[in-house]
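Residue 1 is where the sequence shown starts when you use UniProt numbering, and the numbers rise one by one after that. All C-beta atoms in this analysis are idealised placements derived from N, C-alpha and C, irrespective of residue type, glycine included. Here the structure is a predicted model, which is why all the values come from computation and not from measurement. First comes the structure, then the notes that go with it.
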Amino acid sequence: DEFTEKEIIEAFRSFDLDKNNYVGAAEIRHVLLNIGERPTDEEVDEMIRMVDKNGDGQVAFDEFYRMV
Numbered sequence: 001d002e003f004t005e006k007e008i009i010e011a012f013r014s015f016d017l018d019k020n021n022y023v024g025a026a027e028i029r030h031v032l033l034n035i036g037e038r039p040t041d042e043e044v045d046e047m048i049r050m051v052d053k054n055g056d057g058q059v060a061f062d063e064f065y066r067m068v
C-alpha cells in the first residue's frame with residue numbers, strides 16, 4: 001500500500017512534537033513509548049542513522065518522506 005503525501009505529512013507532524021520541522025531521538029522515543037514499545041537508546045539512534053542522510057542527528061521531513 002502506498003501512502004498519500006497528506007498521510008505522510010500527518011505522520012511526520014505526529015512525531016514532530018516541538019514543531020521545529022525535525023524529529024529527534026526524544027520525539028521518536030516518546031511516540032514509541034506511547035504505542036507500547038520500549039526502545040533502547042541504541043535502537044532509537046539506529047533508527048535515526050538509517051534515515052539521517054545529512055548526519056545532523058535528526059530526521060528532517062525530506063528524510064522521513066524517503067523512508068516512508
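Local conformation of residue i per DSSP, three classes
i	result
V68	coil
N34	helix
Beta-carbon proximity list for residue i, same chain, < 7 Å, skipping 5 on both sides
i	result
F15	V23, E27, I28, V31
For residue j and residue i, the rounded distance between their alpha carbons
i	j	result
G55	F12	19 Å
E43	F3	25 Å
A60	P39	21 Å
M47	K6	23 Å
D1	I9	16 Å
V68	G36	21 Å
D41	D62	23 Å
Sequence-distant residues of its chain with Cβ nearer than 6 Å to residue i (five each side left out)
i	result
F64	F12
Beta-ladder partner(s) of residue i, from DSSP
i	result
A60	Y22
beta-carbon residue i near the ligand GDP non-hydrogen atom, thresh 8 Å
i	result
E5	Only the bare structure without any ligand can be found here, which leaves the ligand GDP out of the picture.
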